[in-house]
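Only one structure is covered here, and it is reproduced in the block below.
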Amino acid sequence: MQEKFNQIRQSAIESLASVTSMREIGELRAKYVGKSGEVTSLLRSMKDIPNDQKASFGKMVNDLKDEIMGYFNVKEAELKQKELESQFEKEALDITLPGKKVVAGNLHPLNIVKNEIINAFTGMGFEIFEGPEIETDYYCFQALNIPKDHPARDMQDTFYINDDIVLRSQTSTGQVRVMENKKPPIKILSPGRVYRSDDDASHSPMFHQCEGLVVDKGISLCDLQGLLDEFVKIIFDKQTKTRLRPSYFPFTEPSVEVDVTCSKCHGKGCSLCKGTGWIEILGAGVVNKKVLENCGIDSNVYSGLAFGLGIERVTMIKYGITDIRTLFENNVKFLKQFDRR
Ligand SMILES: [Zn+2]
Numbered sequence: 001m002q003e004k005f006n007q008i009r010q011s012a013i014e015s016l017a018s019v020t021s022m023r024e025i026g027e028l029r030a031k032y033v034g035k036s037g038e039v040t041s042l043l044r045s046m047k048d049i050p051n052d053q054k055a056s057f058g059k060m061v062n063d064l065k066d067e068i069m070g071y072f073n074v075k076e077a078e079l080k081q082k083e084l085e086s087q088f089e090k091e092a093l094d095i096t097l098p099g100k101k102v103v104a105g106n107l108h109p110l111n112i113v114k115n116e117i118i119n120a121f122t123g124m125g126f127e128i129f130e131g132p133e134i135e136t137d138y139y140c141f142q143a144l145n146i147p148k149d150h151p152a153r154d155m156q157d158t159f160y161i162n163d164d165i166v167l168r169s170q171t172s173t174g175q176v177r178v179m180e181n182k183k184p185p186i187k188i189l190s191p192g193r194v195y196r197s198d199d200d201a202s203h204s205p206m207f208h209q210c211e212g213l214v215v216d217k218g219i220s221l222c223d224l225q226g227l228l229d230e231f232v233k234i235i236f237d238k239q240t241k242t243r244l245r246p247s248y249f250p251f252t253e254p255s256v257e258v259d260v261t262c263s264k265c266h267g268k269g270c271s272l273c274k275g276t277g278w279i280e281i282l283g284a285g286v287v288n289k290k291v292l293e294n295c296g297i298d299s300n301v302y303s304g305l306a307f308g309l310g311i312e313r314v315t316m317i318k319y320g321i322t323d324i325r326t327l328f329e330n331n332v333k334f335l336k337q338f339d340r341r
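Numbering follows this note's numbering, in which position 90 of the sequence shown is assigned residue number 90; successive positions increment by one, without gaps.
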């Protein structure tokens with residue numbers, strides 16, 4: 001009988017050794033310890049066992065059954081572990097693969113510079129005012145002391161919609177609208193699009209300006225220079241200096257052209273500044289008394305300063321752009337250079 005036990009044990013162990021799936025274990029389990037399995041059927045020979053040995057025989061059968069079940073359990077645990085490992089291997093993430101890049105746009109250089117200009121002046125207490133792009137002759141010219149025979153009113157320079165309506169040729173038009181509705185002290189910045197009949201490497205028929213206006217008691221050219229000195233240090237760098245040159249505009253008296261030290265050579269002279277060390281950046285001046293009076297402001301009590309700068313011009317100087325048209329071609333390669341992320 002002992003022989004039979006050993007045989008079953010040995011056969012179960014050998015069969016288990018070659019098992020590779022849970023299904024096979026199930027089959028073997030039925031074969032050895034199932035209801036009609038080999039171990040269970042040993043109990044059928046109980047009738048041939050002498051009475052006094054029946055108890056120990058029963059125990060031997062049960063011990064064998066427990067022993068074989070133990071082998072099955074160990075094998076089952078091994079298989080489960082292997083299955084888990086192969087599942088992990090299949091589902092493993094390869095984190096060395098480059099991810100898919102999300103393509104996002106960035107601000108246009110003109111918007112970047114416009115925002116910087118707005119931030120610089122609002123930081124100095126300016127309010128933002130945006131006037132209409134389609135203006136009447138009055139706001140665009142007459143109120144700004146630009147007489148009928150002034151060259152700025154020539155068809156060559158201005159887009160006329162009809163005799164009285166024009167596309168504004170400058171943001172100075174905003175000055176009049178503000179002064180008509182607001183009493184001094186006034187401190188406004190008026191950014192926006194303007195239109196002129198001009199198209200070459202340094203002119204575009206549509207471009208952007210920022211008009212600044214300060215009206216209060218005792219405003220002079222010194223205030224203008226102080227303000228612009230501060231502004232160019234913010235927009236370019238701390239070494240940047242300004243220089244005022246006499247000029248003429250109908251709406252300011254005296255009028256000045258303002259130069260800044262070249263951002264590339266810092267005043268030494270280079271190709272960008274044509275060897276002079278200076279680059280013209282904007283036109284400005286003390287508001288013409290006639291303009292103040294046109295807007296109902298007493299020019300004996302109040303005075304003002306005004307300046308108008310081209311956003312394209314500042315952008316070109318800041319980034320060393322030589323052709324204004326690159327700003328409007330929407331070439332993605334060009335525009336991506338201004339992505340700051
Ligand atoms: Zn230079």
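Even glycine gets a Cβ: it sits at the ideal position worked out from N, Cα and C.
By a C-beta neighbour count over all protein chains shown, 10 Å radius and 16 as the cutoff for buried, is residue i buried or exposed?
| i | result |
| --- | --- |
| C262 | buried |
| T96 | exposed |
| A342 | There is simply no residue 342 to check, as the chain begins at 1 and stops at 341 in what is shown. |
| I311 | buried |
| A306 | buried |
| C222 | exposed |
| L28 | buried |
Considering only DSSP beta bridges, list what residue i is partnered with.
| i | result |
| --- | --- |
| H208 | R193 |
| I281 | I281 is not bridged to any residue. |
| E257 | R245, G283 |
| G310 | Q209 |
| L305 | V214, V286 |
| E127 | I188 |
| D149 | Answer is none; D149 lacks a bridge partner. |
| D200 | H203 |
| Y160 | V166 |
To the nearest angstrom, how far is it from the Cα of residue i to the Cα of residue j?
| i | j | result |
| --- | --- | --- |
| P151 | F249 | 12 Å |
| Q142 | D339 | 43 Å |
| T315 | W278 | 16 Å |
| G275 | E329 | 29 Å |
| R168 | G192 | 10 Å |
| L224 | V286 | 8 Å |
| C140 | E130 | 14 Å |
| V301 | K217 | 6 Å |
| E230 | M124 | 9 Å |
| Q371 | V103 | There is simply no residue 371 to check, as the chain begins at 1 and stops at 341 in what is shown. |
Using only alpha-carbon positions, find the residue among the options that is nearest to residue i.
| i | options | result |
| --- | --- | --- |
| E116 | E85, G304, D237 | D237 |
| G26 | A55, K75, P205, M1 | K75 |
| Y160 | I134, T122, K114, T326 | I134 |
| I281 | K290, K241, T252, F251 | K241 |
| H208 | V260, K100, I118 | I118 |
| N111 | N62, G226, G58, C210 | C210 |
| L189 | K183, V214, N288, S11 | V214 |
| M60 | I165, S21, E3, R245 | E3 |
| D164 | G34, L272, T136, K148 | T136 |
| P184 | G304, A30, L42 | G304 |
| E127 | G212, Q87, K318, A92 | G212 |
Please tell me whether, using a cut-off of 7 Å, the distance from the CB of residue i to the nearest non-hydrogen atom of ligand 2 is below it.
| i | result |
| --- | --- |
| K318 | Among the ligands present in this structure, namely ligand 1, ligand 2 is not found. |
Using the beta-carbon of each residue, find all residues closer than 7 Å to any heavy atom of ligand 1 and list them in chain order. C262, K264, C265, K268, G269, C270, L272, C273, G277
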